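Notes to accompany the following structure.
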Amino acid sequence: MKYDRYFFDYLTTQFGRFFLIYSDAAITGTTFTAPENAEYKKCGLPLFSELNEYFCGKRREFTQGLINFSDMTPFRRSVYNELLRVPFGEVITYGGLARRVGKPSSARAVGQAMRVNPFPILIPCHRVIGSSGSLGGYSEGIDIKIKLLEFEKKG
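Going by my numbering, the sequence shown opens with residue 35, and the numbers climb by one from there.
Here's what the structure looks like:
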């Protein structure tokens, strides 16, 4: 869904700045990369506080219903919803996630869904790894994925 104006606010975290991008109507993304075509506006959304709690080690889950899945394909929606069930500090393989959504031969499609995830951290794509234990990729950079996995493992 496209909106007329986009805003952002950010948190300074141990991993760098983390940006929440939003419009007057919806949360439109999260990223460790400064957004373009959005203006800074202090965010008063409860989610902003929840993200801060996550990065301080005080939150393991986010309030459900904050993400708008309506513009996503049914497959991506099912993958992201299933990924939300993977607990803080745990990982799942691309193939394992594909099996859990009833598409056992779709590990690559799961990887593609992780690559285009507009909501890193909220949809914890950093928790998805290769079947051999390799980290795979991460849209925010493999170094951040490593740090996030270590952060969550420490609890």
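By construction, the Cβ of each residue, glycine as well, lies at the ideal position given by its N, Cα and C atoms. Please read all numbers here as calculations on a predicted model, not as lab measurements.
Worksheet item: How many Å lie between G130 and I176 at the Cα?
Response: 20 Å
Practice prompt. Within 10 angstroms of the Cβ of I126, are there 16 or more other Cβ atoms? Answer buried if so, exposed if not.
Written response: buried
Worksheet item: If we count Cβ pairs, one from each stretch, closer than 8 Å, do we get three or more for the segment 180 to 188 versus the segment 96 to 116?
Response: no
Item to complete: Can you tell me which of the three DSSP states G78 falls into?
Response: coil
Worksheet item: Is DSSP giving D177 helix, strand or coil here?
Response: helix
Discussion item. Our contact map puts F49 next to A68 with C-beta atoms below 8 Å; I'd like the distance itself, whole angstroms only.
Written reply: Not quite, the Cβ-Cβ distance comes to about 14 Å (not below 8 Å), so this is no contact.
Discussion item. Report the start-end ranges of each alpha helix (DSSP H) in the segment 69 to 153 that is 4 residues or longer and not cut off at the edges.
Written reply: 80 to 89, 108 to 117, 128 to 134 and 141 to 149
Practice prompt. Using a threshold of 8 Å, state whether the C-beta atoms of A191 and N86 are closer than that.
Written response: No answer is possible for residue 191: the residues shown for the chain start at 35 and end at 189.
Fill in: For L156, three-class secondary structure by DSSP
coil
Worksheet item: Taking the continuous beta strand (DSSP E) assigned at G189, which residues delimit it?
Response: From DSSP, G189 is part of no beta strand (DSSP E); its letter is neither H nor E.
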